[in-house]
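Numbering (UniProt numbering), first residue to last: 1 to 1134.
C-beta atoms are modelled at their ideal positions from N, C-alpha and C, and glycine is treated no differently.
Note that this is a predicted model, so its numbers are computed, not measured.
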């Protein structure tokens, strides 16, 4: 009768047999030898010690019942009795647990009685007791592997089974030499999936540190386990180690990184050898063909490449080994008794290598490979453990599906199943049971966090009226762990359970309502995600996208929610008047979610903004949309998102559509994002298609507003259009102003931008393999510059002939006097067979107008000759293009007369000592505290520097402005503001591109009283007294006064209002003058000698002030022109 047992029952039988062997090790005749293998040699008194003997008797008592319980289970398995299997397996596993629990009792007994044993130290006892459970576990697993010598040898070859020799102490008989066995289960899967890396990590194969002696020692065990003749000759100081196995010798290569192979006996012809492994269920056959002469030498190097060189002639042949497994009954690989299970009927494996001889090198090469097939497979899915939804869709079904799957094995790629990667198999299946259909089968195994998880599942689809449901990866799961206290398999614990579906999909087709959705769960990331799209009678389409996380990015527990909901109003939308229509509305809602502005800016170039702004086909594009949303709105504790969205069109059908969303983070910033689309004459047959994805933000903490837009999938006819623009307005302490369409002048260094530098506005008029024509351009405005430029490129070629050319320019503007400077470059060349046949070039700088000037170089080349001509031509009359000058003093006086230019500051040092009442703003005016300061500051013109112009107009009456105070108040400091220096000083083109857009300059004065002492005539000391009155109808005892602990009094005083008052805080600061803080000062500049960077000691707050000082020095002595320059103060010579 068929075996109906599951994986757990089969493992229980093997575990019971191993535990029976292990318990036998603790008998009177063997127990001392067992502890010798564990590193401690006990005296004979160990056998008669009462507590230890009692613990060993317990092990024997519970272990003696294993044989009977094992027989009961194997009988039930052979009879196919599901109920009997369940009962017998439970009893056997319980008894196995009692056996493993008896070993810690033995450790406790040794810890108690051990110190009384002669010759044994307390340190030995402590170490043994602490490590005894783990050592017995390794001993148990090693015994399990030792049942099959070849299996143990292969496990040792790949480091799964480790052997460590401990020499002991010759002077201490209680510390004998022993060999410790350790099982590394975490190396099992890498040994199968990537054996080359495993061998490299274990022995250093393929590296200069290759431990060839250790590898040959392990290979000796492997060959011996296969009953092949083998001898290992140890290496000496002058000779390397050598392994003589059957007809070959193995040793290290000359460079020590690979294995040398030598053929000892010649071979010729062909033959087949039958290897009866376990007939008739398991047989093997080896086939050898070809001719291999004696003294053939070769090498084996990673990833398993074999090369053989014969002494003469050629070398051909092949070696193939085939293994057939055909058990009488199907073998259960994984399953639950009477439930979900995976069975295999038979399996075949064919592997080997075929030599290919290369006459040019005289070497034959081969790489070992193997392939096989698992046939007669059967998967049984029992859904009786599912939840309500699964029960409704599938019911209590037992779905069975037969399958076959192939696999391959290579040293560099490891084990791979057909149609899948690694140890995850996906098998297409088409089994229909009425309304239910099985779409695919899944088998997945791995090693993670010290456990071995295994999944056995399937994908189903079912039809329920107008609704079609898809259930993905539902089945059974198992996890093998190794808990500290052991489990149901002794040192291990195997847990089975129902695997809920990883995803559920729905498709609705009910006439007036159509659509669908998907809901998924990722347990590894603790994340729920889902999408839904429903259309009602073609008028209203509702889409929803949700993302819930139960774990923070660092793995800690947490919760966050993100929902995007949209409603689209059919093709015509809702009419708003004047040709505008409301096409859709929606919104974003987030809990514990923030806005990542940089990710949104990066998404402009990829079109990822559309994942938020009314996405299309949300079910089919769910992975991409959910990924984009997670990047744009990551988890952030304490943050709340709300973002209304709207889509407006113009025309019917819409020729222009604009989707705009405003995302508000509380607390935090405001982000604006959207999509603008122009399609003419219609979206389906567009001759002109412009699609602009844009995003911007208002960042209150950084005091800046910026905007970025990118052309995406745009074209004119079939010509693609690409490009970007950006705007930045910073209004804080470091103001900036930048507008760029297509980028900047090549020599311009833009300030730090919150968005990528915009790409050129470009057109690809022609783009084929033989011809290309393209053009690009840019325009930019900053506080100092106006920049623009363009470039066109041409390529035409076929075979070995080509024509290339380009023309471009980059320009800068100045408005008063009106001037411009444009750098022009134009080149063209003809090449034949990669050699220049003819070429012309022109590089010039054009400036003007009035007069015009062109200076540059023209060149012409022919074959290997080239001629260049420099030119500098000026033409046209000189005309004054300067705008009328402007009077600066009236502007400055008008600005200083404004109320907002006058403000006061409260005292910052010490305490104000008095409280100030609130004043009516209409009557208050400017109120100055006696200890405060008065700040007079304006923003129309910088002071204490040379002023050449105001914007585009020359300064008529002031070249150097200063503000001073006559009497009553004294200057404390200079007030400063940020000014765009390019609007006030004449800068060269190089300075315009290199100087900062804004610099902090003097703008006024900070004034205080003239220094008279602000003090009272005398100090008065008062005692604070109060009267306490208690009103209470109940008479109470009056408690006696007690002394208050001074330390507690001082502690409570710190938290009282008087302790937190400004006066108290000021006194504390006087007692602790050192503060924990770092002060960052602004840049300083100096006028220094060009020879050695020495100065006269003057340091200026800004570069403009230093240059004003330099002008003054040059006006006094023009001979200093080439001897002085302005440098940062940090570069001044000491």
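Practice problem: Verify the CB distance criterion: does residue 976 have a CB-CB separation below 9 Å to chain D? | Solution: In the displayed structure, chain D is absent; only one protein chain is listed.
Practice problem: Please say whether residue 551 and residue 573 have beta carbons closer to each other than 9 Å? | Solution: no
Self-check item: Neighbourhood of residue 158 by C-beta distance below 6 Å, restricted to the same chain and skipping five residues each side
Solution: 191, 198
Practice problem: Keeping to the same chain, check which residues put their C-beta closer than 8 Å to that of residue 629; ignore five residues upstream and five downstream. | Solution: 545, 547, 562, 564, 611, 612
Quiz item: What are the boundary residues of the beta strand (DSSP E) that includes residue 532?
Solution: 527-536
Quiz item: Which ranges does the alpha helix (DSSP H) cover as unbroken runs of at least 4 residues, wholly within the segment 21-94, from first to last along the chain?
Solution: 31-37, 45-48, 50-64, 66-79
Quiz item: Can the beta-carbon of residue 757 be found closer than 9 Å to that of residue 775?
Solution: no
Self-check item: Run of the alpha helix (DSSP H) containing residue 623, from where it starts to where it stops
Solution: 622-632
Quiz item: Where DSSP assigns a beta bridge to residue 715, which residues make up the other side?
Solution: 689, 720
Practice problem: Find the nearest neighbour of residue 557 within the set 87, 113, 592, judged by alpha-carbon distance. | Solution: Just measuring C-alpha positions, the residue of 87, 113, 592 sitting nearest residue 557 is 592.
Self-check item: Buried or exposed by the 16-neighbour rule on C-beta atoms within 10 Å, applied to residue 1085
Solution: buried
Quiz item: Taking the alpha-carbon positions, what's the residue 173 to residue 554 distance?
Solution: 52 Å
Self-check item: First and last residue of the uninterrupted beta strand (DSSP E) at residue 1128
Solution: Its beta strand (DSSP E) spans residues 1124-1128.
Quiz item: Three or more C-beta pairs closer than 8 Å, one from the segment 797-808 and one from the segment 778-786: is that the case here?
Solution: no
Quiz prompt | Bridge partners - residue 1140, DSSP secondary structure assignment | solution = With the chain represented from 1 up to 1134, any question about residue 1140 goes unanswered, as that position is not in the structure.
Self-check item: Cα-Cα separation, residue 78 to residue 86
Solution: 13 Å
Quiz item: Which one or two residues does DSSP pair with residue 709 in a beta bridge?
Solution: 694, 725
Quiz item: Between the Cα of residue 996 and the Cα atoms of 750, 42, 1127, 808, which residue gives the shortest distance?
Solution: Of the candidates 750, 42, 1127, 808, the residue whose Cα lies closest to the Cα of residue 996 is 750.
Quiz item: Looking at the unbroken beta strand (DSSP E) that takes in residue 905, where does it start and where does it end?
Solution: 902-905
Quiz item: If you count every other CB in all the chains shown that lies within 10 Å of the CB of residue 95, and 16 or more means buried, which is it?
Solution: buried
Exercise. Determine the burial state of residue 722: buried for a count of at least 16 other Cβ atoms within 10 Å of its Cβ, exposed for fewer.
Key: Burial call: buried.
Practice problem: For residue 178, write down the residues that DSSP places opposite it in a beta bridge. | Solution: 166
Exercise. Reducing DSSP to helix, strand and coil, say where residue 938 ends up.
Key: Shown here, residue 938 sits in coil according to DSSP, grouped into three states, outside any helix or strand.
Self-check item: Proximity winner among 862, 969, 654, relative to residue 1005 (alpha-carbon distances)
Solution: 969
Quiz item: Among the residues of its own chain, which have a CB less than 8 Å from the CB of residue 904, if the five just before and after it don't count?
Solution: 926, 927, 928, 929, 932, 933, 934, 935
Practice problem: Could you tell me the distance, in whole angstroms, from the CA atom of residue 948 to the CA atom of residue 892? | Solution: Looking at the two C-alpha atoms, the distance is approximately 15 Å.
Quiz item: Considering only C-alpha positions, which residue in the set 822, 730, 793 is nearest to residue 747?
Solution: 822
Self-check item: Whole-angstrom C-beta distance between residue 1108 and residue 1132, which should lie under 8 Å
Solution: So it is not a contact: roughly 18 Å between Cβ atoms.
Exercise. Taking only runs that begin and end inside the segment 656-683, name each unbroken alpha helix (DSSP H) of 4 or more residues, in chain order.
Key: none
Exercise. Would you mind reading off the limits of the alpha helix (DSSP H) that contains residue 1058?
Key: Per DSSP, residue 1058 belongs to the alpha helix (DSSP H) from 1057-1060.
Quiz item: Which of the three DSSP states, helix, strand or coil, is assigned to residue 203?
Solution: helix
Exercise. Under the assumption that residue 950 contacts residue 1104 (Cβ atoms under 8 Å), give the Cβ distance between them as a whole number of angstroms.
Key: Between residue 1104 and residue 950 the Cβ distance is about 15 Å, and since that is not below 8 Å, they are no contact.
Quiz item: Would you call the CB atoms of residue 518 and residue 588 closer than 9 Å?
Solution: Taking 9 Å as the Cβ cut-off, residue 518 and residue 588 do not qualify as a contacting pair.
Practice problem: Put residue 612 into one of helix, strand or coil per three-state DSSP. | Solution: coil
Quiz item: DSSP state of residue 887, grouped into three classes?
Solution: Coil, per DSSP.
Quiz item: If we ignore side chains and look at the alpha-carbon of each, how far apart do residue 458 and residue 534 end up?
Solution: Straight-line spacing of the CA atoms in residue 458 and residue 534 works out to 28 Å.
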